[in-house]
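**Q** Supplied in structure tokens, the structure appears directly below.
Numbering (this note's numbering), first residue to last: 1 to 448.
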């Protein structure tokens, strides 16, 4: 069934394959590229979060260099814009499936279909894998928001709750229930000012490190940063400060407000949370303790302050809507590979542990493999590292067995794809996610 009329349908000049753009009934646009020497596999790419108000073009690859490499290897690439920006899961999934239908209508059925995506698109990809497995052969989530929607917003709340409570206790800063983007911008600016000022003092830096630890923000989280030594607490904290400021400026307020408007209320809470216990479980606990000691500040006292502070309750219906659209059951019926950088400050790598928890509880663990790239930053993979992951997933689809998904094998694949770029897959085990929430664990459910 033809689901979209092309905006431009002309195949490119002979020998260069076909390029197609069009519009779906939802108003979303799509883009498709099929190389002349198509290998029969179509890659359905789900793009990352695009804030409201920004241009929203269709995308079928993370970047031009990756697109070029994958086309050279014979893959057909397709993807949509989604009908809306922001937390657009309810638009993204049907638009992506409609794009797949449009490809089939124009070019015929693919021998194999792989859903893949980056960042927020990793969330979309994994939801497609769980909810529409008949449409795909397998899936690849890269730097994905794999803790799911509810856990993501809880985790974001924990960090800004600590910052407000410890750095701006008297300020009127709404952390949830934001009525408009203007209200979100005002709250963000007020808290950002307090955090900026606190960074100038030893006590403020210790408290910022505590907030970063509650969100598991690593001490090396941007490729432009010099990688700190394992006990260089000051450098680690300075790097965490940069990442926290980005959280405060965008996800914690502006992006939250847009998501709240979608689900009709506040979908996160910290009632019943013991922040002392959470910190002691964090891999960053040692750093926080050292910085508190250096500042002559009582960590025990600040944790007591956090645990005594008035808590934030959620809107139960908003939680249910967010969970229904954006949290995982963990049920897989097709193979899935996930890849994350070890130094991600936007979606910290423990998100991978949260997803494995759900998949294991659902009995789908044999279908999941997870790999890690030793680099700082969000989605900072090389094109060759992405190609290697796709090739490893294709091998699993073709043979029925996981082969070549260890670091050495993935690095060998990446080197073959592009010998000029070092391959950085490593053995790695992420820490537990601070506050997981999924549909496979009934105990996670919000109870007012």
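Idealized CB from N, CA, C, for every residue including glycine.
1. Thinking just about the alpha-carbon of each residue, which of 312, 289, 427 is nearest to the one in residue 302?
2. Given a cut-off of 8 Å on the beta-carbon distance, is the pair residue 188 and residue 254 in contact?
3. Spell out whether any CB of chain C is found under 8 Å from the CB atom of residue 160.
4. So, residue 275 versus residue 306, is the Cβ gap smaller than 8 Å?
5. Cα separation between residue 439 and residue 28?
6. In whole angstroms, what is the alpha-carbon distance linking residue 260 and residue 219?
7. Can you check the stretch 53-90 for any alpha helix (DSSP H) of at least 4 residues that lies completely inside it and give the ranges in chain order?
8. Just how far apart, CA to CA, sit residue 348 and residue 194?
9. Going by other Cβ atoms of all chains shown within 10 Å of its Cβ, with 16 needed for buried, is residue 344 buried or exposed?
10. Please confirm whether residue 77 and residue 45 have their CB atoms less than 8 Å apart.
11. What does the alpha-carbon distance come out to for the pair residue 437 and residue 416?
12. Just to confirm the assignment, what range does the beta strand (DSSP E) spanning residue 29 have?
13. Measuring CB to CB, does residue 65 end up less than 8 Å from residue 383?
14. Leaving out the 5 sequence neighbours to the left and right, which residues in its chain are closer than 8 Å to residue 312 when beta-carbon positions are compared?
15. Would residue 14 be called buried (16 or more neighbouring beta carbons within 10 Å of its own) or exposed?
16. How is residue 309 classed by DSSP in three states: helix, strand or coil?
17. Could you name the residues of the same chain whose beta carbon sits closer than 6 Å to that of residue 431, not counting the 5 residues immediately before and after it, in chain order?
18. With residue 337 and residue 191 assumed to form a contact (beta carbons below 8 Å), what rounded beta-carbon distance in angstroms separates them?
19. Could you name the residues of the same chain whose beta carbon sits closer than 7 Å to that of residue 364, not counting the 5 residues immediately before and after it, in chain order?
20. Under 8 Å, do residue 392 and residue 411 count as touching if we go by C-beta distance?
21. In whole angstroms, what is the alpha-carbon distance linking residue 442 and residue 362?
22. In whole angstroms, what separates the C-alpha of residue 117 from that of residue 238?
23. My output table needs one value for residue 112: the three-state DSSP class, helix, strand or coil.
24. Restricting to Cα atoms, I'd like to know which of 198, 47, 165 is closest to residue 58.
25. Indicate the three-state DSSP secondary structure (helix, strand or coil) for residue 421 in the structure shown.
26. Please list the segments of the alpha helix (DSSP H) lying wholly inside the stretch 304-389, counting only runs of 4 or more residues, in order along the chain.
27. Around the C-beta of residue 172, are 16 or more other C-beta atoms found within 10 angstroms, so that it is buried, or is it exposed?
28. Just reading off the beta strand (DSSP E) that residue 19 is part of, what are its end residues?
29. Please report the distance separating the alpha-carbon of residue 304 from that of residue 186.
30. If we ignore side chains and look at the alpha-carbon of each, how far apart do residue 69 and residue 387 end up?
31. Is the distance from the Cβ of residue 257 to the Cβ of residue 327 below 8 Å?
32. Anyone know if the C-beta pair for residue 17 and residue 221 falls short of 8 Å?
33. Could you tell me whether the Cβ atoms of residue 264 and residue 321 are closer together than 8 Å?
34. Taking 8 Å as the threshold (C-beta atoms), are residue 389 and residue 426 in contact?
35. Do the CB positions of residue 207 and residue 246 come within less than 8 Å of each other?
**A** According to the data block:
1. Among 312, 289, 427, the Cα nearest to that of residue 302 belongs to 289.
2. The Cβ-Cβ distance between residue 188 and residue 254 falls below 8 Å.
3. Checking the listed chains, one finds no chain C in this structure; it contains a single protein chain.
4. Yes, Cβ-Cβ distance for residue 275 and residue 306 is below 8 Å.
5. Distance between the alpha carbons of residue 439 and residue 28 is about 29 Å.
6. When rounded, the distance between both Cα atoms is 30 Å.
7. Runs of the alpha helix (DSSP H) inside the stretch 53-90: 64-72.
8. If you draw a straight line from the Cα of residue 348 to the Cα of residue 194, it is about 24 Å long.
9. Buried, because 16 or more other Cβ atoms sit within 10 Å of the Cβ of residue 344.
10. Against a cut-off of 8 Å, the Cβ pair of residue 45 and residue 77 comes out as a contact.
11. Residue 416 has its alpha-carbon roughly 39 Å from the corresponding atom of residue 437.
12. Unbroken beta strand (DSSP E) run through residue 29: 29-34.
13. One thing to note: residue 65 has its Cβ within 8 Å of the Cβ of residue 383.
14. The answer, listed in chain order, is 157, 161, 175, 176, 266, 268, 269, 270, 271.
15. The predicted model places residue 14 with a pLDDT of 32, which falls under 50 and marks its position as unreliable; any figure quoted below should be read in that light. Residue environment: residue 14 is assigned as exposed (fewer than 16 neighbouring CB atoms within 10 Å of its CB, all protein chains considered).
16. The three-state reading of DSSP puts residue 309 in coil, since its state is none of H, G, I, E or B.
17. Apart from the 5 residues on each side of it in sequence, residue 431 sits with its Cβ closer than 6 Å to the Cβ of 283, 350 in its chain, given in chain order.
18. The distance from the Cβ of residue 337 to that of residue 191 is about 38 Å, inconsistent with a contact at the 8 Å cut-off.
19. Only 330, 331, 332 meet the Cβ criterion.
20. No; because the gap between Cβ atoms is not below 8 Å, this pair is not in contact.
21. Just so you know, the alpha carbons of residue 442 and residue 362 end up roughly 12 Å apart.
22. Straight-line Cα distance between these residues: approximately 31 Å.
23. The answer is strand: DSSP assigns residue 112 an E or B state.
24. Of the listed residues, the one whose Cα sits closest to residue 58 is 47.
25. When DSSP states are grouped into helix, strand and coil, residue 421 belongs to the coil group.
26. Counting only runs of 4 or more, we get 316-326, 350-361.
27. With fewer than 16 Cβ atoms within 10 Å of its Cβ, residue 172 is classed as exposed.
28. Taken as a continuous stretch (DSSP letters only), the beta strand (DSSP E) holding residue 19 covers 18-23.
29. In a straight line, the C-alpha of residue 304 is about 28 Å away from that of residue 186.
30. Each residue's Cα considered, the two are about 8 Å apart.
31. Not closer than 8 Å, so no.
32. The answer is no: Cβ separation not under 8 Å.
33. Between residue 264 and residue 321, the C-beta gap is smaller than 8 Å, which places the two residues in contact.
34. At a Cβ-Cβ threshold of 8 Å, residue 426 and residue 389 do not count as neighbours.
35. In this structure, residue 246 does not lie closer than 8 Å to residue 207 by Cβ.
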